[in-house]
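2 is the number of the first residue of the sequence shown in this note's numbering; add one for each residue after it.
C-beta: ideal position from N, C-alpha, C; glycine also.
None of the values given here were measured: they were computed from a predicted structure.
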Amino acid sequence: MLKPSRLAFLISLIFPASFSLAQTAAPDSTVPNNAETSAAGKSAKDGKQQVVVTGTRGNDTDQRRQASAAKLIFGREELDRNGDTSLGEVLKRLPGVSIGGRAGRGGEIRMRGMGGGYTQILINGERAPRGFSLESLSPDQVERIEVIRGSVAEHSTQAIAGTINIILREGYQQRDVQLNITDTIYEGKQLPNVSVTVPGKVGNLTYTLAGTLAQNERSTTTLTSDFDLDSNGQQLFQEDSFTQSHNRSDVINFSPRLAWKFENGDSLTLQSFAMHNHSQDEGRTNISEVQ
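Shown next as C-alpha coordinates:
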(Lines of atoms letter the chains of each structure in order from A and count residues from 1; the text may use other names and numbers.)
(Lines give C-alpha, C1' and ligand atoms only; values in the text may rest on other atoms or scores of the structure.)
Protein backbone atom coordinates (compact mmCIF):
# COMPACT_ATOMS: atom_id res chain seq x y z
CA MET A 1 0.00 0.00 0.00
CA LEU A 2 1.31 3.39 -1.00
CA LYS A 3 1.72 5.98 1.63
CA PRO A 4 0.03 9.38 1.15
CA SER A 5 3.35 11.12 0.63
CA ARG A 6 4.34 8.79 -2.21
CA LEU A 7 0.87 9.03 -3.84
CA ALA A 8 1.03 12.82 -3.87
CA PHE A 9 4.49 12.68 -5.35
CA LEU A 10 3.31 10.43 -8.25
CA ILE A 11 0.33 12.68 -9.00
CA SER A 12 2.58 15.72 -9.13
CA LEU A 13 4.73 13.93 -11.72
CA ILE A 14 1.80 12.86 -13.97
CA PHE A 15 -0.14 16.15 -14.29
CA PRO A 16 2.81 18.42 -15.20
CA ALA A 17 3.82 15.97 -17.92
CA SER A 18 0.33 16.00 -19.43
CA PHE A 19 0.21 19.78 -19.29
CA SER A 20 3.55 20.13 -21.01
CA LEU A 21 2.46 17.67 -23.72
CA ALA A 22 -0.61 19.74 -24.50
CA GLN A 23 1.45 22.89 -24.65
CA THR A 24 3.91 21.25 -27.02
CA ALA A 25 1.24 19.84 -29.38
CA ALA A 26 -0.49 23.20 -29.88
CA PRO A 27 2.15 24.69 -32.19
CA ASP A 28 1.74 21.72 -34.59
CA SER A 29 -1.81 22.80 -35.50
CA THR A 30 -2.30 24.59 -38.84
CA VAL A 31 -2.25 28.36 -38.55
CA PRO A 32 -4.79 29.97 -40.93
CA ASN A 33 -3.56 32.38 -43.56
CA ASN A 34 -4.27 36.06 -42.97
CA ALA A 35 -6.05 36.36 -46.34
CA GLU A 36 -8.24 33.33 -45.65
CA THR A 37 -9.02 34.61 -42.17
CA SER A 38 -9.99 38.00 -43.58
CA ALA A 39 -12.18 36.43 -46.30
CA ALA A 40 -13.86 34.10 -43.82
CA GLY A 41 -14.48 36.98 -41.45
CA LYS A 42 -15.96 39.07 -44.23
CA SER A 43 -18.24 36.23 -45.38
CA ALA A 44 -19.38 35.64 -41.83
CA LYS A 45 -20.00 39.34 -41.38
CA ASP A 46 -22.01 39.67 -44.60
CA GLY A 47 -23.91 36.47 -43.94
CA LYS A 48 -23.42 35.33 -47.56
CA GLN A 49 -21.69 32.29 -48.97
CA GLN A 50 -20.21 32.28 -52.46
CA VAL A 51 -21.20 29.28 -54.58
CA VAL A 52 -19.67 28.65 -58.01
CA VAL A 53 -21.51 26.28 -60.37
CA THR A 54 -19.95 25.18 -63.65
CA GLY A 55 -21.51 23.07 -66.39
CA THR A 56 -21.75 22.44 -70.08
CA ARG A 57 -24.71 22.72 -72.41
CA GLY A 58 -26.03 19.32 -73.46
CA ASN A 59 -26.61 18.39 -77.08
CA ASP A 60 -29.83 17.01 -78.57
CA THR A 61 -29.01 13.47 -77.46
CA ASP A 62 -28.48 14.53 -73.85
CA GLN A 63 -31.75 16.46 -73.78
CA ARG A 64 -33.65 13.45 -75.10
CA ARG A 65 -32.03 11.19 -72.54
CA GLN A 66 -33.05 13.50 -69.70
CA ALA A 67 -36.59 14.01 -71.02
CA SER A 68 -39.51 11.66 -70.48
CA ALA A 69 -40.06 8.71 -72.81
CA ALA A 70 -43.06 10.34 -74.51
CA LYS A 71 -41.17 13.55 -75.27
CA LEU A 72 -39.01 14.02 -78.37
CA ILE A 73 -36.61 16.96 -78.69
CA PHE A 74 -35.25 18.24 -81.99
CA GLY A 75 -32.58 20.93 -81.56
CA ARG A 76 -30.46 23.15 -83.73
CA GLU A 77 -28.23 20.27 -84.81
CA GLU A 78 -31.04 18.57 -86.72
CA LEU A 79 -32.62 21.81 -87.93
CA ASP A 80 -29.33 22.95 -89.46
CA ARG A 81 -28.61 19.53 -90.93
CA ASN A 82 -31.75 19.40 -93.10
CA GLY A 83 -31.60 23.00 -94.36
CA ASP A 84 -35.39 23.51 -94.52
CA THR A 85 -36.59 26.96 -95.57
CA SER A 86 -39.96 26.93 -93.77
CA LEU A 87 -41.22 25.68 -90.46
CA GLY A 88 -43.83 23.57 -92.23
CA GLU A 89 -41.09 21.55 -93.91
CA VAL A 90 -39.44 21.06 -90.53
CA LEU A 91 -42.64 19.73 -88.94
CA LYS A 92 -43.20 17.31 -91.82
CA ARG A 93 -39.94 15.58 -90.92
CA LEU A 94 -41.01 14.93 -87.35
CA PRO A 95 -42.23 11.38 -86.68
CA GLY A 96 -45.98 11.09 -86.26
CA VAL A 97 -46.64 14.65 -87.53
CA SER A 98 -48.44 15.41 -90.79
CA ILE A 99 -49.67 18.63 -92.40
CA GLY A 100 -52.83 18.70 -94.48
CA GLY A 101 -53.61 20.88 -97.45
CA ARG A 102 -52.31 21.00 -100.97
CA ALA A 103 -48.64 20.81 -101.76
CA GLY A 104 -46.85 24.08 -101.09
CA ARG A 105 -49.74 25.46 -99.05
CA GLY A 106 -50.01 25.25 -95.31
CA GLY A 107 -52.77 23.25 -93.67
CA GLU A 108 -53.79 21.93 -90.28
CA ILE A 109 -51.20 20.06 -88.28
CA ARG A 110 -52.13 16.52 -87.29
CA MET A 111 -50.58 13.96 -84.98
CA ARG A 112 -51.19 10.22 -84.74
CA GLY A 113 -53.75 10.38 -87.56
CA MET A 114 -56.19 12.54 -85.60
CA GLY A 115 -57.66 15.84 -86.76
CA GLY A 116 -56.02 19.19 -86.28
CA GLY A 117 -58.39 20.08 -83.45
CA TYR A 118 -56.69 17.49 -81.24
CA THR A 119 -53.14 18.78 -81.68
CA GLN A 120 -51.94 21.64 -79.48
CA ILE A 121 -49.38 24.14 -80.80
CA LEU A 122 -47.35 26.08 -78.22
CA ILE A 123 -44.86 28.92 -78.66
CA ASN A 124 -42.36 29.01 -75.77
CA GLY A 125 -44.77 26.93 -73.71
CA GLU A 126 -47.73 29.27 -74.32
CA ARG A 127 -50.68 28.87 -76.65
CA ALA A 128 -50.23 30.44 -80.04
CA PRO A 129 -52.39 33.57 -80.51
CA ARG A 130 -55.55 33.37 -82.57
CA GLY A 131 -54.83 33.65 -86.27
CA PHE A 132 -51.16 32.80 -85.82
CA SER A 133 -49.52 31.08 -88.78
CA LEU A 134 -46.43 28.91 -88.49
CA GLU A 135 -45.32 30.30 -91.84
CA SER A 136 -44.52 33.54 -90.01
CA LEU A 137 -41.59 31.77 -88.35
CA SER A 138 -38.43 30.72 -90.12
CA PRO A 139 -36.33 27.75 -88.94
CA ASP A 140 -33.51 30.18 -88.03
CA GLN A 141 -35.67 31.62 -85.24
CA VAL A 142 -36.27 28.23 -83.60
CA GLU A 143 -33.97 26.90 -80.88
CA ARG A 144 -35.64 23.49 -80.58
CA ILE A 145 -38.95 21.70 -81.10
CA GLU A 146 -40.47 19.48 -78.42
CA VAL A 147 -43.01 16.86 -79.45
CA ILE A 148 -45.16 15.27 -76.74
CA ARG A 149 -47.16 12.29 -77.93
CA GLY A 150 -50.52 11.69 -76.37
CA SER A 151 -52.35 13.67 -73.72
CA VAL A 152 -50.68 15.03 -70.60
CA ALA A 153 -52.47 16.00 -67.39
CA GLU A 154 -51.07 19.54 -67.46
CA HIS A 155 -52.46 20.23 -70.95
CA SER A 156 -56.04 20.76 -72.12
CA THR A 157 -58.28 18.39 -74.06
CA GLN A 158 -57.00 20.01 -77.24
CA ALA A 159 -53.80 18.01 -76.76
CA ILE A 160 -55.39 14.55 -76.98
CA ALA A 161 -53.31 13.67 -80.04
CA GLY A 162 -50.22 15.45 -78.75
CA THR A 163 -48.46 18.76 -78.24
CA ILE A 164 -45.84 20.54 -80.34
CA ASN A 165 -43.90 23.12 -78.36
CA ILE A 166 -41.75 25.47 -80.46
CA ILE A 167 -38.99 27.10 -78.41
CA LEU A 168 -37.67 30.29 -80.00
CA ARG A 169 -34.10 31.46 -79.76
CA GLU A 170 -33.21 33.87 -76.99
CA GLY A 171 -31.58 37.15 -77.96
CA TYR A 172 -28.56 36.74 -75.69
CA GLN A 173 -27.71 33.32 -77.15
CA GLN A 174 -27.02 34.76 -80.56
CA ARG A 175 -24.31 37.36 -81.11
CA ASP A 176 -23.79 37.57 -84.86
CA VAL A 177 -26.04 38.66 -87.69
CA GLN A 178 -27.28 35.67 -89.69
CA LEU A 179 -28.23 35.90 -93.36
CA ASN A 180 -29.51 32.86 -95.22
CA ILE A 181 -30.27 32.85 -98.94
CA THR A 182 -31.68 29.75 -100.59
CA ASP A 183 -33.07 29.02 -104.03
CA THR A 184 -35.20 25.94 -104.61
CA ILE A 185 -35.99 24.67 -108.10
CA TYR A 186 -39.39 22.98 -108.28
CA GLU A 187 -40.80 21.85 -111.61
CA GLY A 188 -38.39 24.15 -113.40
CA LYS A 189 -39.36 27.19 -111.33
CA GLN A 190 -37.07 29.02 -108.93
CA LEU A 191 -38.36 29.63 -105.40
CA PRO A 192 -36.06 32.10 -103.61
CA ASN A 193 -36.02 32.49 -99.84
CA VAL A 194 -34.13 35.15 -97.87
CA SER A 195 -34.06 35.30 -94.07
CA VAL A 196 -32.09 37.59 -91.78
CA THR A 197 -31.72 37.67 -87.99
CA VAL A 198 -30.17 40.70 -86.27
CA PRO A 199 -29.51 40.42 -82.51
CA GLY A 200 -28.29 43.23 -80.29
CA LYS A 201 -28.22 44.77 -76.85
CA VAL A 202 -28.54 48.38 -75.70
CA GLY A 203 -28.20 48.77 -71.95
CA ASN A 204 -30.83 46.59 -70.29
CA LEU A 205 -32.66 46.06 -73.59
CA THR A 206 -31.97 42.91 -75.59
CA TYR A 207 -33.56 42.58 -79.01
CA THR A 208 -33.74 40.15 -81.90
CA LEU A 209 -35.07 41.33 -85.26
CA ALA A 210 -35.94 38.53 -87.66
CA GLY A 211 -37.49 38.76 -91.10
CA THR A 212 -38.15 36.49 -94.06
CA LEU A 213 -38.90 37.06 -97.73
CA ALA A 214 -40.15 34.02 -99.61
CA GLN A 215 -41.80 33.19 -102.89
CA ASN A 216 -43.75 29.99 -103.46
CA GLU A 217 -45.12 28.76 -106.75
CA ARG A 218 -46.93 25.50 -107.35
CA SER A 219 -48.82 23.92 -110.25
CA THR A 220 -51.17 20.97 -109.98
CA THR A 221 -52.96 18.84 -112.55
CA THR A 222 -56.05 16.77 -111.79
CA LEU A 223 -57.81 14.27 -114.05
CA THR A 224 -61.28 13.07 -113.03
CA SER A 225 -63.49 10.56 -114.81
CA ASP A 226 -67.17 9.92 -113.97
CA PHE A 227 -69.34 7.31 -115.69
CA ASP A 228 -72.70 5.58 -115.30
CA LEU A 229 -73.52 1.90 -115.88
CA ASP A 230 -76.83 0.18 -116.47
CA SER A 231 -78.02 -2.97 -114.72
CA ASN A 232 -76.13 -5.14 -117.21
CA GLY A 233 -72.86 -3.33 -116.63
CA GLN A 234 -72.94 -1.47 -119.93
CA GLN A 235 -71.57 2.03 -119.91
CA LEU A 236 -74.20 4.67 -120.50
CA PHE A 237 -72.35 7.89 -119.89
CA GLN A 238 -68.82 9.08 -119.19
CA GLU A 239 -67.54 12.53 -118.28
CA ASP A 240 -63.85 13.40 -118.17
CA SER A 241 -62.59 16.57 -116.53
CA PHE A 242 -59.06 17.89 -116.81
CA THR A 243 -58.11 20.62 -114.31
CA GLN A 244 -54.95 22.67 -114.16
CA SER A 245 -54.29 25.12 -111.32
CA HIS A 246 -51.43 27.47 -110.63
CA ASN A 247 -50.69 29.15 -107.31
CA ARG A 248 -48.14 31.82 -106.52
CA SER A 249 -47.64 33.51 -103.18
CA ASP A 250 -45.26 36.20 -101.94
CA VAL A 251 -44.68 36.10 -98.19
CA ILE A 252 -43.12 38.73 -95.93
CA ASN A 253 -42.63 37.84 -92.26
CA PHE A 254 -41.32 40.06 -89.48
CA SER A 255 -41.04 38.87 -85.87
CA PRO A 256 -39.19 41.21 -83.48
CA ARG A 257 -38.43 40.08 -79.94
CA LEU A 258 -37.68 42.61 -77.18
CA ALA A 259 -36.55 41.79 -73.63
CA TRP A 260 -35.97 44.33 -70.85
CA LYS A 261 -34.07 43.25 -67.74
CA PHE A 262 -34.76 45.14 -64.51
CA GLU A 263 -32.26 45.85 -61.76
CA ASN A 264 -33.80 43.25 -59.42
CA GLY A 265 -33.28 40.48 -61.99
CA ASP A 266 -36.83 40.36 -63.39
CA SER A 267 -37.33 40.60 -67.13
CA LEU A 268 -40.14 41.66 -69.46
CA THR A 269 -40.30 40.04 -72.90
CA LEU A 270 -42.36 41.12 -75.90
CA GLN A 271 -42.69 38.72 -78.83
CA SER A 272 -44.66 39.99 -81.82
CA PHE A 273 -45.40 38.64 -85.29
CA ALA A 274 -46.34 40.40 -88.51
CA MET A 275 -47.08 38.66 -91.79
CA HIS A 276 -48.12 39.73 -95.27
CA ASN A 277 -49.11 37.08 -97.79
CA HIS A 278 -50.18 37.84 -101.34
CA SER A 279 -51.56 34.79 -103.12
CA GLN A 280 -52.84 34.38 -106.65
CA ASP A 281 -54.66 31.30 -107.96
CA GLU A 282 -55.41 30.44 -111.55
CA GLY A 283 -57.37 27.40 -112.70
CA ARG A 284 -58.80 25.89 -115.85
CA THR A 285 -61.09 22.91 -116.25
CA ASN A 286 -61.96 21.06 -119.48
CA ILE A 287 -64.96 18.71 -119.48
CA SER A 288 -65.65 16.22 -122.24
CA GLU A 289 -68.63 13.88 -122.51
CA VAL A 290 -68.44 10.43 -124.06
CA GLN A 291 -71.69 8.61 -125.00
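Under the three-state reduction of DSSP, which class applies to V91: helix, strand or coil?
Reduced to three states, the DSSP call for V91 is helix.
Which same chain residues end up closer than 7 Å to W261 when comparing Cβ atoms and leaving out the 5 residues on each side of it in sequence?
Shown here for W261: same chain residues with a beta carbon closer than 7 Å to its own, the five before and five after excluded, namely N205, L206, S268 and L269 in chain order.
Less than 8 Å separating the beta-carbons of S246 and I288?
In this structure, S246 lies away from I288, with their beta-carbon atoms at least 8 Å apart.
Are the Cβ atoms of S139 and T213 separated by less than 8 Å?
Cβ atoms of S139 and T213: closer than 8 Å.
Taking all protein chains shown into account, do 16 or more other C-beta atoms lie within 10 angstroms of the C-beta of R285, making it buried, or fewer, making it exposed?
With fewer than 16 other Cβ atoms within 10 Å, it is exposed.
If contacts are defined as beta-carbon pairs under 8 Å, then G89 and L135 qualify, I think. What distance do you get, rounded to the angstrom?
Yes, they are in contact, since the Cβ atoms of G89 and L135 sit about 6 Å apart, within 8 Å.
For I110 and L1, the rounded distance between their alpha carbons:
It is not possible to answer for residue 1, since the shown part of the chain is limited to 2 through 292.
For the beta strand (DSSP E) that contains L123, what are its first and last residues?
Unbroken beta strand (DSSP E) run through L123: T120 to I124.
Quick one: what does DSSP say E127 is sitting in, helix, strand or coil?
If DSSP states are grouped into helix, strand and coil, E127 belongs with the strands.
Could you name the residues that DSSP lists as bridge partners for R113?
Paired residue(s): none; R113 is not in a bridge.
G97 beta carbon less than 8 Å from that of M115:
Inclusion of M115 and G97 in the CB contact set at 8 Å is not warranted, their separation being larger than that value.
C-beta atoms of V197 and Q179 nearer than 8 Å
For V197 and Q179, yes; Cβs fall inside 8 Å.
For P96, three-class secondary structure by DSSP
If DSSP states are grouped into helix, strand and coil, P96 belongs with coil.
Going by the CB atoms, is the gap between L169 and V195 shorter than 8 Å?
Cβ distance not < 8 Å, so V195 and L169 don't count as in contact.
Pick helix, strand or coil for R170, following the three-state DSSP scheme.
When DSSP states are grouped into helix, strand and coil, R170 belongs to the coil group.
So Q235 and F228 are in contact, right, with Cβ under 8 Å, and what is the actual spacing, rounded?
Their Cβ separation, rounded to whole angstroms, is 11 Å, which puts Q235 and F228 out of contact at 8 Å.
Should S87 be labelled buried (16 or more other beta-carbon atoms within 10 Å of its own) or exposed?
Around the Cβ of S87, a 10 Å sphere holds 16 or more other Cβ atoms; the residue is buried.
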